[in-house]
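Asks:
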Amino acid sequence: MMRNLSRDLILIVPVFRHWQRQLYGGTASFHLSFGHRAGDGVAITRPLTTRADRPIKERKRKGRAHPRNAFQGTYDMDRLVAAYPTLGPHVVLGPTGRPTVKFADPAAVRALNTALLVADYGVNPDYADLVPPHALVPPVPGRADYVHHMADALQKSLAGGDDDDDALVPKGSVITGMDIGTGASCIYPTIATSVYGWKMIASDINYASVTSAREIVKANGHSDLIDVRHQEVSDKSIFDGILRSGESIDFTMCNPPFYPSREAFQAESARKVRGLSKGKVTPQEVDPTKSCQLEGERASSNNFGGTDSELWCEGGEVAFVKRIISESKQYWNRCLWFTSLVSRHKNLKKIENGLFSMGKQSNKGNNKQVQVVQRVAMGAGVKSSTILMWSFLDERERRDWARRRNWR
Numbered sequence: 172m173m174r175n176l177s178r179d180l181i182l183i184v185p186v187f188r189h190w191q192r193q194l195y196g197g198t199a200s201f202h203l204s205f206g207h208r209a210g211d212g213v214a215i216t217r218p219l220t221t222r223a224d225r226p227i228k229e230r231k232r233k234g235r236a237h238p239r240n241a242f243q244g245t246y247d248m249d250r251l252v253a254a255y256p257t258l259g260p261h262v263v264l265g266p267t268g269r270p271t272v273k274f275a276d277p278a279a280v281r282a283l284n285t286a287l288l289v290a291d292y293g294v295n296p297d298y299a300d301l302v303p304p305h306a307l308v309p310p311v312p313g314r315a316d317y318v319h320h321m322a323d324a325l326q327k328s329l330a331g332g333d334d335d336d337d338a339l340v341p342k343g344s345v346i347t348g349m350d351i352g353t354g355a356s357c358i359y360p361t362i363a364t365s366v367y368g369w370k371m372i373a374s375d376i377n378y379a380s381v382t383s384a385r386e387i388v389k390a391n392g393h394s395d396l397i398d399v400r401h402q403e404v405s406d407k408s409i410f411d412g413i414l415r416s417g418e419s420i421d422f423t424m425c426n427p428p429f430y431p432s433r434e435a436f437q438a439e440s441a442r443k444v445r446g447l448s449k450g451k452v453t454p455q456e457v458d459p460t461k462s463c464q465l466e467g468e469r470a471s472s473n474n475f476g477g478t479d480s481e482l483w484c485e486g487g488e489v490a491f492v493k494r495i496i497s498e499s500k501q502y503w504n505r506c507l508w509f510t511s512l513v514s515r516h517k518n519l520k521k522i523e524n525g526l527f528s529m530g531k532q533s534n535k536g537n538n539k540q541v542q543v544v545q546r547v548a549m550g551a552g553v554k555s556s557t558i559l560m561w562s563f564l565d566e567r568e569r570r571d572w573a574r575r576r577n578w579r
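Numbering of the sequence shown is given in our numbering, commencing with residue 172 and proceeding in unit increments.
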């Protein structure tokens, strides 16, 4: 593994040096670390100014759930069934003799994830009934991981540097985040509000999803913290039509539509279903409770179905995240951290090329450049995902932002 890692680093470093030369006319300087405390993998930070090359810091850490994630690799079926009795009939003994569920059964997957939400996050047990049958079933542990990594980013912005004191994680309604494409499940805002008490804006272009999300918010008593907004301006807009005049947010989150077309989704779904029936696809590959699954390839069987807007868009996740990047420059001083999941590592370079080249482009007279870019890898193996984060504010400006908004 380390031999492959060394080879990958040899390939990565020249790419970052090229980007640095293009934007700043100097030698690249960046920090690469493995598992920065709460990061389960790689975090790459690109500084504003050119400095002498610093040694690359490496720290091996096997991919696993975030330390603050309620799910840490196994689940207590007795506890989950006690919290959500509907799960009980779906529990079976697996090959190892441990209780599990049949992951090819959509009802079992829905019940398991609902049980996790009820037991760990105090969500109303009616949650499963409020999410439409055709909507995406949220794999809870991976969603929670993303929320906790956002908390880490906010904490570091407040404290500055690499201070990892959990007591400094900002909590309460002074924090406002935005979930781009919240879907019918409204899962990210629900977890963020339940764990940290943050305010959240939940946006979506699908009115049926907006209606479902609003019902979930009401059922959980979160109406004062979660504002579900329908994107009516354009299905191509991200912030326009959602953020109100003078409104600022502390971060964005997004699990973008992965597939470039409905046909691509259907083909992948059919392949996974055939694999399950033949034993070529293991339950772990589609187990929504495994932290290594996270937000990667969503389609397997109807377990991971979803509305069209949840699953695919023209150009897939690359095009969608590039739209966020393009529009973020207009809102550079109204959002501290812009972030999105990227499901496949091979897509990162395509997306980052657009991010770094943006510094040379003029956008309505705004020449503000991205100051920092970070990757946070979640999970392990072929199912890992990456949170791509960027900010137009440097470290001092990020700290000033936190203090000005009275984070605590």
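Where a beta carbon is used, it is the ideal one built from N, C-alpha and C, also for glycine.
Grab me the residues of Asn284's own chain with a C-beta within less than 7 Å of its C-beta, minus the 5 sequence neighbours each way, in chain order.
Replies: Indexing the sequence shown from 1 puts residue 284 at position 113. Closer than 7 Å at Cβ, skipping near neighbours: Val308, Pro309, Pro310, Val311, Pro459.
Asks: With DSSP run on the structure shown, which of helix, strand or coil describes Arg576?
Replies: What you label residue 576 is simply residue 405 of the sequence shown in a count that begins at 1. Note: Arg576 maps to coil in three-state DSSP.
Asks: If you drop the 5 nearest sequence neighbours on each side, which residues of the same chain put their C-beta closer than 6 Å to that of Gln326?
Replies: Within the sequence shown, numbered from 1, the residue matching residue 326 stands at position 155. Excluding residues within five positions, the ones whose Cβ falls inside 6 Å are Leu339, Val340.
Asks: To the nearest angstrom, how far is it from the Cα of Asn577 to the Cα of Gly331?
Replies: By 1-based counting over the sequence shown, the position of residue 577 is 406. By 1-based counting over the sequence shown, the position of residue 331 is 160. So the two alpha carbons sit approximately 15 Å from each other.
Asks: Work out the CA separation of Cys425 and Asp350 for me, nearest whole Å.
Replies: Translated into the one-based positions of the sequence shown, residue 350 becomes position 179. Translated into the one-based positions of the sequence shown, residue 425 becomes position 254. When rounded, the distance between both Cα atoms is 6 Å.
Asks: Label Ala223 either buried or exposed according to how many other C-beta atoms from any shown protein chain fall within 10 Å of its C-beta, with 16 as the threshold for buried.
Replies: For the purposes of this step, residue 223 is taken as residue 52 along the sequence shown, with counting starting at 1. Note that Ala223 has pLDDT 33, beneath the 50 cutoff, so the model's placement of it is unreliable and no number is given.
Asks: So, helix, strand or coil for Asp291, using DSSP?
Replies: Numbered from 1 along the sequence shown, position 120 holds the residue referred to as residue 291. Three-state result, Asp291: helix.
Asks: Can you look up Pro360 in the DSSP assignment and give me helix, strand or coil?
Replies: Reading the sequence shown from its first residue, position 189 is the one you call residue 360. In this structure, Pro360 counts as helix in the three-state DSSP scheme.
Asks: Roughly how many angstroms separate the alpha carbons of Val541 and Leu264, rounded to a whole number?
Replies: Here residue 541 corresponds to residue number 370 of the sequence shown, with the count starting at 1. Here residue 264 corresponds to residue number 93 of the sequence shown, with the count starting at 1. One C-alpha to the other measures close to 51 Å.
Asks: Which residues mark the beginning and the end of the alpha helix (DSSP H) in which Leu519 is found?
Replies: Position 348 of the sequence shown, counted from the first residue, corresponds to residue 519. Run containing Leu519: 517-528, per the alpha helix (DSSP H) assignment.
Asks: Determine the contact status of Ala583 and Ser408, defining contact as a CB-CB distance below 8 Å.
Replies: Nothing can be reported for residue 583: it is not among the residues displayed for the chain, which extend from 172 to 579.
Asks: Can you give me the start and stop residues for the beta strand (DSSP E) that Phe422 sits inside?
Replies: As a position in the sequence shown, residue 422 is number 251, starting the count at 1. Per DSSP, Phe422 belongs to the beta strand (DSSP E) from 420-425.
Asks: Can you tell me which residues form a DSSP beta bridge with Asp350?
Replies: If you number the sequence shown from 1, residue 350 lands on position 179. Paired residues: Ala373, Met424.
Asks: Quick check: what's the CA-CA separation for Val296 versus Asn538?
Replies: Your numbering for residue 296 matches position 125 in the sequence shown. Your numbering for residue 538 matches position 367 in the sequence shown. According to the sequence shown, residue 296 is Pro rather than Val. Distance between the alpha carbons of Pro296 and Asn538: 49 Å.
Asks: Shortest alpha-carbon distance to Leu287 belongs to which of Pro304, Pro256, Lys273?
Replies: To locate residue 287, count along the sequence shown from 1; it is residue 116. Closest by alpha carbon: Pro256.
Asks: Would you list the residues sitting across from Asp398 in a DSSP beta bridge?
Replies: Residue mapping note: residue 398 aligns to position 227 of the sequence shown, counting from 1. In the DSSP output, where bridge partners are listed per residue, Asp398 has Ile372.
Asks: Distance, Cα to Cα, Asp300 vs Leu512?
Replies: One-based indexing of the sequence shown puts residue 300 at position 129. One-based indexing of the sequence shown puts residue 512 at position 341. Their backbone Cα atoms lie some 27 Å apart in a straight line.
Asks: What is the residue span of the beta strand (DSSP E) that Phe491 lies within?
Replies: Numbered from 1 along the sequence shown, position 320 holds the residue referred to as residue 491. From DSSP, Phe491 is part of no beta strand (DSSP E) but of the alpha helix (DSSP H) over 487-499.
Asks: When we look at the beta-carbon of Gly313 and count the other beta-carbons within 10 Å, is it buried (16 or more) or exposed?
Replies: In the sequence shown, the residue the question calls residue 313 occupies position 142. Burial call: buried.
Asks: By the three-class DSSP mapping on this structure, what secondary structure does Leu307 have?
Replies: In the sequence shown, counting from the first residue as 1, residue 307 sits at position 136. Leu307: coil per DSSP, three-state reduction.
Asks: Pick from Ser555, Phe563, Gln545, Asp565: whose alpha carbon is nearest that of Asp323?
Replies: Reading the sequence shown from its first residue, position 152 is the one you call residue 323. Per the Cα distances, Gln545.
Asks: On the three-state DSSP scale, how would you describe Gln545?
Replies: Translated into positions along the sequence shown, residue 545 becomes position 374. Strand, per DSSP.
Asks: Just reading off the beta strand (DSSP E) that Leu564 is part of, what are its end residues?
Replies: Residue 564 sits at position 393 when you count from the first residue of the sequence shown. Taken as a continuous stretch (DSSP letters only), Leu564 belongs to no beta strand (DSSP E), as it is neither H nor E.
Asks: For Leu258, report the span of its alpha helix (DSSP H) as first-last.
Replies: By one-based count along the sequence shown, residue 258 stands at place 87. That residue, Leu258, is in no alpha helix (DSSP H); it is neither H nor E in DSSP.
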